[in-house]
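What follows is a single structure, written as C-alpha cells, with notes after it.
Residue numbers (this note's numbering): 1198 to 1382.
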C-alpha cells in the first residue's frame, strides 16, 4: 500500500528499501544456520528501517493517499516490533516466529487492501504491490501454521520472501522513475 503511494514520487526510497530487503534475503538464504541472535539483529534492523520507511512515506503521502494514516500505523507497529526485538534479544524462537508471522500477515493484508483502494496507481505498480502483499501473507501463514517445526525453514522462508519482495520493490521503483520521466524507456 505505501509502496503504491510513493512509487512515482519517491522511487529512489523504494529502490533503497528493495535493495536492503534483497540484502536481508541473501544473508538469510545463503547463511541459514546463523545463530538466533544474528537473525534477530538482521530482522530487527530490517523491520525498523521498514517501519521508518512506512511512517515517512505515510506522512509524505497525506495529500496523495486516502490511506496515509494506515501507512503510518503499520510503520509504527513495525518500529515497535523492531525495537521490542532489539531490547529483548533473549526472546524464544517460537515467540519470534509468531511475531514475524503476524507482522507479515498484517503487512500483506494492508498492502493488498491499499492497492485496491488507491485510485491513481499504475497497473504495473498495482500488480507488483498485490504480489508483494500476497507473498507476505503466504510467508506469514506458513510460519504461523508451523511455529515449532519450521526451524531453519523459517530462515529460508523469510529469506525467500525478502528476495522476492525486495526485487519487486526495485521493479516498482524503476516503473515509478519511468512514470516520473514521462513514460520514456
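Using N, Cα and C, we set each Cβ at its ideal position, and we do this for glycine too.
- Message: Would residue 1286 and residue 1244 be called neighbours here (beta carbons separated by less than 8 Å)?
- Response: Between residue 1286 and residue 1244, the C-beta spacing is not below 8 Å.
- Task: Identify whether residue 1378 lies in helix, strand or coil by the three-state DSSP scheme.
- Result: Shown here, residue 1378 sits in coil according to DSSP, grouped into three states, outside any helix or strand.
- Message: Rounded to whole angstroms, what is the Cα-Cα separation between residue 1198 and residue 1230?
- Response: Summary for residue 1198: the model assigns pLDDT 45, below 50, so the residue's position carries little reliability; its value from the coordinates is reported in the next sentence. If I take the Cα positions, the gap works out to 33 Å.
- Message: Which of the three DSSP states is assigned to residue 1275 in this structure?
- Response: Correct three-state label for residue 1275: helix.
- Query: Would residue 1363 pass as a contact of residue 1219 if the rule is Cβ separation under 8 Å?
  - Reply: Pairing residue 1363 with residue 1219 gives a Cβ-Cβ distance under 8 Å.
- Between 1321, 1376, 1291, which lies nearest to residue 1352 when the distance is taken from Cα to Cα? Ranking the options by Cα distance to residue 1352, first place goes to 1291.
- Nearest to residue 1213 (by Cα), restricted to the options 1297, 1367, 1293: When only C-alpha atoms are compared, the closest one is 1367.
- Message: Do residue 1305 and residue 1337 have their beta-carbon atoms positioned less than 8 Å apart in this structure?
- Response: A contact, by the Cβ cut-off of 8 Å.
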